[in-house]
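First residue of the sequence shown? That's 1 in the UniProt record's numbering, and the numbers climb one at a time after it. All C-beta atoms in this analysis are idealised placements derived from N, C-alpha and C, irrespective of residue type, glycine included. Working notes for the structure below.
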Amino acid sequence: MTKSRSTWLADLPAQWKFAILLSLMTAFVLVLFTGNILAVRESDRAQAEAEELVDIINQANLTARSLNRRQISLIRMIFVRSAANVQVFETASQDADGYIQKLRDRTQTQPVLRTAADRVASLNDRWPQQVGSPMVALSERVGRGPVPSSEREEVLENFLVAETGMSGSRAVVAILDQLSASAGAQLKERREALDRQGDLLSIVNAVALVGMLLVSIIAFYLSRRFITRPLRHMAELMERLAGHDHSIEVPHLNRGDEVGIIGRALNVFKEMAITTYDNDWVKSGVASVSSNLQRAEDFRSFAASLLADLAPRLNAGVGVFYAFDEEKQELGLLGSYGYKERRHVSTSYRLGEGLVGQCGMERKPILLTPVPEDYVRIHSGTGEASPRTVFVLPIIAKDRLLGVLEMASFEAFSGRRQHLLEEAADIIALSLDNLARALRTRELLDQSQRQAAELRAAEEELRVQQEELRTTNEQLQQQSQKLITSEEELRVQAQELQSSNDELRTNSDALNEQKTQLEQLQAETERKAEDLERANQYKSQFLANMSHELRTPLNSLLILSQDLAENHTGNLDADQVEAASIIFSSGSNLLRLINEILDLSKIEAGKMDVVMEPVSIPAIGQRMERNFRHVAQEKDLTFSVSISEGTPQSVITDDGKLEQITNNLLGNAFKFTAEGAVRVVFSAVAGGGLQVEVTDSGIGIPAEKLETIFEAFEQVDSSTRRQFGGTGLGLAISRSLAQLLGGTIDVRSEVGQGTTFRLVLPASGAGAAEGAAAAAPVVAAQEIRPQPQASRPPRPAVFVEDDRAVLDGKTPCILIVEDDPIFARTLVGIVRKKGYQALAAGDGESGLALARAHKVRGILLDVMLPGMDGWTVIEELKKTHATRHIPVHIVSALDEARKGRDLGAVGFLTKPVTAEDLSGALSVLEHFSPDRGRRVLIVDDDADARFAVHKLIAREGTEVADAGSGEEAIAMLQKSAFDCLVLDLGLPGMSGFEVLEHMTALNLHVPVVVYSGRDLTSEESLRLRGFTDSIVIKGAMSKERLLDEVSLFLHSVQDEAKAVPAAPDGDLEGRRVLLVDDDMRNIYALAKILRGKGMEVILAQDGVKALGQLDEAPGIEIVLMDIMMPVMDGYEAMTEIRKRGGAFTQLPIIALTAKAMKDDRQKCLEAGASDYLAKPIDVPRLLSMIRSWLPKR
């Protein structure tokens, strides 16, 4: 019965369970509440009655006292008649009447007591007549005079009789006492009833509380049993299920309440979780098997990888894989896992033999369980046992049997494990089939390669045999012909022998005379060869001297003319500045001519150096296109550079010489082509060489001029009225350089149709040595070094005015060794402008003495010096410990940069040089000065990462500091100077981007290497390119890359010189410019220049992003807009800007484009541009244009 009620209650919904429990609780509360209310009401009624009785008793006592006071006042008035006593009596009489009346009023609800009260009132009403009046009359008589004692005694006796009688006060008092006693008895009864009711109420309340407690306990028990405990159990099961515990058993599935619903839902979730887990486990296993099998290189590694993956995953103790041999029609053991071979167990099975053969024949899985004890044993280091289950699976691909997989385990192969094996079977089959095909392909490839090699060897052997046979045949034919001729000659000679003897005597005399002539000719030839050798020596010496004598004065001419053209002091008018510019331009043209002549002379003299190294062909093509694209645009020509299929990616050659040749050929192509196209095609030639064809549609070359154009100073048109200028040295130099590189140059042309020049170079540079030898003269010229001049007059101690008299030891000092006093004074002035003190020497000996006597920061050295030349000066400096570390920068008319580097020079400039060149040379000397250390700042919030980078780049002469935040880095940069900053982007507080922006705002120009641990978006890369081009992403090779980038900044003189910021421009300082360009290199270069002028640069990579920047960055004063961009080009962007109206209609926009057609400027202006500038950008012109368009402050 209890079980039935429990089952019935358990099936009730939770709301009904709670309703029943709540109803029981409510019923008990209502009963308790009603009982308490009734008890309280009864208690209140009894209490009121008790209070009423107390009031009656009190009133009776007051009435009795008032009667006593009346009696006493009456007796006092009888004996002493006075107004006061009369007044007291009257007051007492009135009080007694009042108290009696009140007593009657109090006893209205008490019938028994009311009767007594009425008797008291009745007696009191008779008292004045029977007692009071006679006594009052007696008192009045006493007041009028003496009363006889007998009369007085009679009256008193009557008074006492009356008072003691039925109408007297004593009778009334007695009645009152009875009334009080009766009321007291009733009061006692009422109080006893109240006490009984209180006790009963306490018992009822106690019983009710106990009942409520029992109901609460029963409700708690029932809710815990039927609701709370099942729900908590369900929650625990859910947690276990969420933790992938699929062994849970879900109870209460047959209950009809919410617990049953939750249990059935949980059971569904359990089944879903098991299914999902099994599917994921199967998919993970299949993916792992597939991944491992892809790395297999042969069948045995395939089987080993397969079993090594599947056996642990399936908890299998033994696994074997049999491969099917289609030729033998049998399955052979290919690999095993935990398998110990036994003598009586075969390692190969035919189809139908054993479970393996049966599985292969039926091509269906076989599950064997239980396994007999002696079937197979699983061995370990601690023992052995028989498995419980064996599963055999066929591996089939496209209805072809590839193998059989057999696994043995102590556990039963569940559905999940069988599913994994069945799913993996297709992957195993596909991978095995692919491996077989790959191995077959590899085998066929090796076989074809061997056959090709054998074929080539056979062809070569056959060719050699054919050549030998052909040579033998020719020799036999020649011998046969000679034999016939000899026989004929012998016959003729036999006939003419006699006459020939006479002629022989005559010829003998003639031969003796010819011998004498030949000896004279040989002596003449030897004499001419010696003359030629001396001529070459004189030529080399002449060219060296002329190089020095021409370049040295030309150097001063160019420097001074450029300085005048720049008009720094502002004291020259426009004509004078233009004249100085013309002088500079003419001098530069003269310098190019001198260089061409000297190049040709060096080639002829065998003095041209060739540096063979791998050169990238795509890089050559890109460089051509970059250098000549603007030329094609200016002449409105089509220009293309293409690389044919099969062209090698690189060749071994001299990159500089190759570029000189191609530049010369392209320069001629563009010069002689007025319309049409210029094309460059890279292709391969037989033997692995490189062919470069430069084709134009120009004027063409007559056939008779095709060879002469390669001779020095020869041109197609050499008349005085020729249309095209030039020296005629370019092609001669190009052919000679090609021969130096082991190659050739030839030409095809038709007049009016165009010309094709073809350059052919060996891929490996093997012919370069022979080419260099072929290009050299027959007689090698000896190296000519200026000899000391014994008769040279001694120079004064001070060659030119310098600072030797005011050296203070604090200001860095530069030593200038130059024999030309004009150029030496120019160098002294430039050195002083740079903040150095200068020492000058006119010869090597004086320069060496000054270097030893004074502490100099660096030396500017000429080579061709009187007495001791520059080479000897360097050698002497390096011999002495005190001077070996002084950096030496050569400034000479000789182009011997390699020799200078070999001797230890830090730089080499060929005269003439510009002021910028000399400024760069001084920067080089400062860079390599032994007094200057290198400082690197590492900014990273990860202390371990900072330590790793510190250890990576720390070396002798390099000081490494680190900072853990952007704020700390900014403070350190403001406090001291650094040569390089290694910056992480992910910093706490101020990010890496904000650090770069603060550096720009504070004018802190430090080379930056961004060392980031995350990949950058295109927007982040664009934003960074405005600050640096060195971005290293942390990875496997990032340490080497980081070291390369830091070393580049620390030791690359050119980069350091470029990193020196220009002084901020007052007109551009603080002005905001939006730079829009899709080319990262252009953005980096222009942003760096503009920031160097003090401008705030905002970047955008296309037109859409430019519009967004205009919305997000207010205060933009000018826009530099590229035209050719993705997403939205410059035309559309400018149109959209102007459409916005307001201030955007007046916003200056300068269009920057590589298109330079006639109508491009007009098209840009119509689209909304304020001005137009064609690429390549002329930076001074751009800055001038920006100043003119910026609104005045």
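- [ ] Could you tell me the distance, in whole angstroms, from the CA atom of Glu-90 to the CA atom of Pro-111?
- [x] 31 angstroms
Open item on the list: Check whether the stretch 394–403 and the stretch 417–428 are in contact - that is, three or more C-beta pairs closer than 8 angstroms.
Closed with: yes
Open item on the list: At the level of alpha carbons, what is the spacing between Ser-644 and Leu-435?
Closed with: 35 angstroms
Task: Validate contact between the stretch 879–888 and the stretch 910–919 using beta carbons, cut 8 angstroms, 3 pairs - done: no
Open item on the list: Looking at Thr-910: is its Cβ nearer than 8 angstroms to the Cβ of Ser-923?
Closed with: no
Task: Beta-carbon separation (whole angstroms), Ala-304 vs Ser-409, contact threshold 8 angstroms - done: Going by Cβ atoms, the distance from Ala-304 to Ser-409 rounds to 19 angstroms, so no, they are not a contact pair.
Task: Inter-residue Cα distance where the pair is Asp-1140 and Leu-1152 - done: Note that residue 1140 corresponds to Arg in the displayed sequence, not to Asp. Looking at the two C-alpha atoms, the distance is approximately 22 angstroms.
TODO: Pull up the CB-CB distance for Ile-874 and Leu-903, whole angstroms please, since I reckon it's below 8 angstroms.
DONE: 5 angstroms
Open item on the list: Using CA atoms only, rank isn't needed, just tell me which of Gly-403, Val-88, Glu-297 is closest to Asp-325.
Closed with: Closest option to Asp-325, judged by alpha-carbon separation, among Gly-403, Val-88, Glu-297: Gly-403.
Task: Beta-carbon spacing of Arg-1071, Glu-1117 below 8 angstroms - done: yes
Task: Residues near Val-286 in its chain [Cβ-Cβ closer than 8 angstroms; skip 5 each side] - done: Leu-420, Glu-423, Ala-424, Ile-427
Open item on the list: Tell me which residue opens and which closes the alpha helix (DSSP H) that Thr-662 is part of.
Closed with: Thr-662 -> alpha helix (DSSP H) spans 655–671.
TODO: Using alpha carbons as the reference points, say which of Leu-658, Asp-636, Glu-625 lies closest to Gln-739.
DONE: Leu-658
Task: Nearest candidate by alpha-carbon position, reference Ala-824, set Lys-1088, Gly-847, Pro-387, Arg-106 - done: Gly-847
Task: Counted within 10 angstroms of its Cβ, other Cβ atoms place Glu-530 as buried (16 or more) or exposed - done: exposed
- [ ] With DSSP collapsed to three states, give me the class of Leu-865.
- [x] Looking at Leu-865 - three-state DSSP - the assignment turns out to be coil, as it is neither helix nor strand.
TODO: Can you have a look at Phe-33 and say buried or exposed, based on whether 16 or more other CB atoms are within 10 angstroms of its CB?
DONE: When all chains shown are included, Phe-33 counts as exposed.
Open item on the list: Quick check on DSSP: helix, strand or coil for residue 1198?
Closed with: Residue 1198 is absent from the structure shown; the chain starts at 1 and stops at 1193.
Open item on the list: Using only CA atoms, which one of Ile-20, Asp-298, Glu-468 lies nearest to Thr-441?
Closed with: Asp-298
Open item on the list: Looking only at its chain, what residues have a beta carbon closer than 6 angstroms to the beta carbon of Ile-20, apart from the 5 residues adjacent to it on each side?
Closed with: none
Open item on the list: Give me the DSSP bridge partner(s) of Cys-980.
Closed with: Val-936
TODO: Check Thr-872 in the structure and name its three-state DSSP category.
DONE: Helix.
Open item on the list: So, under 8 angstroms CB-CB, Ile-652 and Leu-759 are touching, yes? Tell me the CB distance rounded to an integer number of Å.
Closed with: No, Ile-652 and Leu-759 are not in contact; Cβ-Cβ is about 15 angstroms, not under 8 angstroms.
- [ ] Give the secondary structure of Arg-388 by DSSP, where H, G and I count as helix, E and B as strand, and everything else as coil.
- [x] coil
TODO: State buried or exposed for Arg-224, treating a residue as buried only when at least 16 other CB atoms are found within 10 Å of its CB.
DONE: exposed
Task: Buried versus exposed call for residue 1260 [16 or more other C-beta atoms within 10 Å across all chains shown] - done: For the chain, the structure presents residues 1 to 1193; residue 1260 sits outside this window and is missing.
Open item on the list: Using the Cβ count rule (16 or more neighbours within 10 Å means buried), how would you classify Gly-809?
Closed with: exposed
- [ ] Kindly indicate which residue of Glu-52, Phe-757, Ser-749 has the alpha-carbon position closest to the one of Arg-735.
- [x] Answer by Cα proximity: Phe-757.
Task: Simplified DSSP assignment, three categories, for Phe-993 - done: The three-state secondary structure of Phe-993, taken from DSSP, is helix.
Task: CB of Ser-336 within 8 angstroms of CB of Leu-307, strictly - done: Against a cut-off of 8 angstroms, the Cβ pair of Leu-307 and Ser-336 comes out as a contact.
Open item on the list: For the structure I just gave you, are there three or more beta carbon pairs, one from the stretch 673–687 and one from the stretch 740–752, closer than 8 angstroms?
Closed with: no
Open item on the list: Quick check on DSSP: helix, strand or coil for Leu-759?
Closed with: DSSP places Leu-759 in strand when its eight states are reduced to three.
- [ ] Over the uninterrupted alpha helix (DSSP H) stretch that includes Gly-900, give me the two end residues.
- [x] In this chain, the alpha helix (DSSP H) harbouring Gly-900 covers 897–903.
TODO: For Thr-107, count neighbouring Cβ atoms within 10 angstroms of its own Cβ and tell me buried if that reaches 16, exposed if not.
DONE: buried
Task: Element boundaries [alpha helix (DSSP H), containing Phe-823] - done: 821–833
TODO: In the DSSP assignment, find the alpha helix (DSSP H) that holds Ile-620 and state where it starts and stops.
DONE: 617–634
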